[in-house]
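A.B. asks:
Residue numbers (UniProt numbering): 1 to 468.
Structure (structure tokens):
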């Protein structure tokens, strides 16, 4: 068995797809008072607010510019904004004062509301464009203060860092930022400055610590290269020992399936993205593959199933929902989400899941999870965990559910953060905790014994449960 290698940008969402990953799946409650609206217009030209996310879009006959706004200032996020490239869908005017982006990968439309004039912080002579470390730190602190949703959850007193700008200079700027964000231990908190070869994330060390819970000596993971080495060995073991060398991949190697024995099927979902050639055909390609998998399960008369998401670092929420729809037989509430903005939250949005396809599997299922199970894959867990025929085996997931909200500093660096709160059907939030098994079903992703004996403790436990 073979599939993709992993790096930091597969655990977190790739900054090269900033705005698509930032906005897909959001409901934006961007409402303006009537007094603030312009008279009816038919042109897209003007200023448009994506409220709750800190973005203003300026459009004219020549191009569109996207601005990143926080409480103290404004920067240019994209000086040649293209909705098709960024959202995977076109920007459509549905009324004189409303633009929407409708994408099948989004849980709802993305809504921009017209402003009568540009925000005063984004006027040409006010836009921040500087390498001054103190100015950049103030923007950094305020972006997080406006939007980050989990200071209390992650036991961080953000106010204590407000005045660090007074101690910052050009030499220690990124060192200080790294020290600050490492306190959050959040895999969706990121800093990237391509011009200076800076890539910092808040969650990698915590991930390595958790992955090392069953490892010692030469097996310990200190880098993603170490992880890839063990990951490759594990896939070889799964393919050879548990599937007998007989399994199927989709064309893009984002999902594999086979059978453990005559009764137990096995599906390994490596990512919640990358099934199509682009955003435009992602779900179509996904559902074609799922149709094939479900047909194979039905034809083989498999009565039990292992779904392995231990190596799945995330992707699109709606990919997760579409996959889960093949394992439910009735509509049910899957999860709700809301976004933090300054002192409050946007209105909560609920997402339900319904049966899809000609055949849904509702026999006994074991879900295999690990600390690497993250983001949209945790949304998949929200969809699946309460089904009466599902048992979780492995370890708690990463606990980073939110889409990555990305803003831009005056020096051009990008900062990503978690600003959405996801809750399950009962209203419980699993951020920083993750979703995991009971103690009796806890099995580390990797262990020394597994590699020495060329086995997979998680699959062994799953088979034991399904055979009892």
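By construction, the Cβ of each residue, glycine as well, lies at the ideal position given by its N, Cα and C atoms.
Computed from a predicted structure; not experimentally measured.
Measuring straight from C-alpha to C-alpha, what distance separates residue 314 and residue 48?
C.D. replies: 30 Å
A.B. asks: Cutting at 6 Å between CB atoms, please list the residues of its own chain near residue 426, excluding the five before and the five after it.
C.D. replies: No residues qualify anywhere along the chain.
A.B. asks: Residue 93 by DSSP, collapsed to three states: which one?
C.D. replies: strand
A.B. asks: Which residue spans inside the segment 180 to 210 form an unbroken beta strand (DSSP E) run of at least 3?
C.D. replies: 190 to 193 and 198 to 201
A.B. asks: Are there three or more Cβ pairs, one per stretch, closer than 8 Å when the segment 290 to 306 is compared with the segment 163 to 171?
C.D. replies: no
A.B. asks: By the three-class DSSP mapping on this structure, what secondary structure does residue 44 have?
C.D. replies: Residue 44: coil per DSSP, three-state reduction.
A.B. asks: Kindly indicate which residue of 312, 282, 367 and 261 has the alpha-carbon position closest to the one of residue 303.
C.D. replies: 261
A.B. asks: Which same chain residues end up closer than 6 Å to residue 151 when comparing Cβ atoms and leaving out the 5 residues on each side of it in sequence?
C.D. replies: For residue 151, the CB contacts under 6 Å within the same chain, skipping 5 residues up- and downstream, are 158 in chain order.
A.B. asks: I need the DSSP call for residue 116, collapsed to helix, strand or coil.
C.D. replies: coil
A.B. asks: Let me know the secondary structure DSSP gives residue 268 once reduced to three states.
C.D. replies: Note: residue 268 maps to strand in three-state DSSP.
A.B. asks: Answer with buried or exposed for residue 137, where buried requires no fewer than 16 other C-beta atoms within 10 angstroms of its C-beta.
C.D. replies: buried
A.B. asks: Grouping DSSP H, G and I as helix and E and B as strand, with all else coil, what is residue 431?
C.D. replies: coil
A.B. asks: Under 7 Å, do residue 215 and residue 201 count as touching if we go by C-beta distance?
C.D. replies: For residue 215 and residue 201, no; Cβs fall outside 7 Å.
A.B. asks: Could you check what DSSP says for residue 242 in three-state terms: helix, strand or coil?
C.D. replies: Correct three-state label for residue 242: helix.
A.B. asks: Report the residue ranges of all alpha helix (DSSP H) runs contained in full by the segment 414 to 464; include only those spanning at least 4 residues, in chain order.
C.D. replies: 448 to 453
A.B. asks: Is it a yes or a no for the segment 96 to 116 touching the segment 430 to 444, going by three-plus beta-carbon pairs under 8 Å?
C.D. replies: no
A.B. asks: Across which residues does DSSP place residue 257 in a beta bridge pair?
C.D. replies: Residue 257 pairs with 248 and 267.
A.B. asks: Please specify which runs of the beta strand (DSSP E), each continuous and at least 3 residues long, are wholly inside the segment 383 to 410, giving them in chain order.
C.D. replies: 390 to 394 and 404 to 408
A.B. asks: Less than 7 Å between the C-beta atoms of residue 393 and residue 317, yes or no?
C.D. replies: no
A.B. asks: Short of 7 Å in beta carbon distance, which residues of its chain neighbour residue 311, apart from the five on each side in sequence? Order them along the chain.
C.D. replies: 231, 270 and 372
A.B. asks: Going along the chain, which residues of its own chain have a beta-carbon closer than 6 Å to the beta-carbon of residue 32, five neighbours each way excluded?
C.D. replies: Caution is warranted here: a pLDDT of 32 is assigned to residue 32, below 50, making its placement in the model unreliable, and the coordinate value is therefore given only provisionally. By the criterion of a C-beta distance shorter than 6 Å, residue 32 is surrounded in its chain by 113, once the five residues flanking it on both sides are discounted.
A.B. asks: Using DSSP with H/G/I as helix, E/B as strand and the rest coil, what is residue 168?
C.D. replies: coil
A.B. asks: Residues in its own chain within less than 7 Å of residue 122 by CB, not counting five upstream and five downstream?
C.D. replies: 56, 67, 69 and 74
A.B. asks: According to the Cβ coordinates, are residue 374 and residue 398 closer than 7 Å?
C.D. replies: yes
A.B. asks: With DSSP as the reference, please indicate the residues paired to residue 350 in a beta bridge.
C.D. replies: DSSP lists 336 as partners of residue 350.
A.B. asks: Given that a residue counts as buried once 16 or more other Cβ atoms are within 10 Å of its Cβ, and exposed if not, what is residue 431?
C.D. replies: buried
A.B. asks: What's the gap between the Cα of residue 408 and the Cα of residue 415?
C.D. replies: 6 Å
A.B. asks: If you reduce the DSSP assignment to three classes, tell me which class residue 101 lands in.
C.D. replies: In this structure, residue 101 counts as strand in the three-state DSSP scheme.
A.B. asks: Would you list the residues sitting across from residue 74 in a DSSP beta bridge?
C.D. replies: 69
A.B. asks: Just reading off the beta strand (DSSP E) that residue 304 is part of, what are its end residues?
C.D. replies: 304 to 308
A.B. asks: I need the straight-line Cα distance from residue 210 to residue 349, nearest angstrom please.
C.D. replies: Going by the C-alpha atoms only, they are around 32 Å apart.
A.B. asks: Locate the beta strand (DSSP E) running through residue 56, then write down its first and last residues.
C.D. replies: Run containing residue 56: 55 to 59, per the beta strand (DSSP E) assignment.
A.B. asks: Could you tell me the distance, in whole angstroms, from the CA atom of residue 111 to the CA atom of residue 340?
C.D. replies: 17 Å
A.B. asks: Under a Cβ-count criterion, where at least 16 other Cβ atoms within 10 Å of its own Cβ denotes burial, should residue 60 be classed as buried or exposed?
C.D. replies: exposed
A.B. asks: When you compare the CB positions of residue 133 and residue 155, do they come within less than 7 Å of one another, or not?
C.D. replies: Result no, Cβ atoms of residue 133 and residue 155 do not sit closer than 7 Å.
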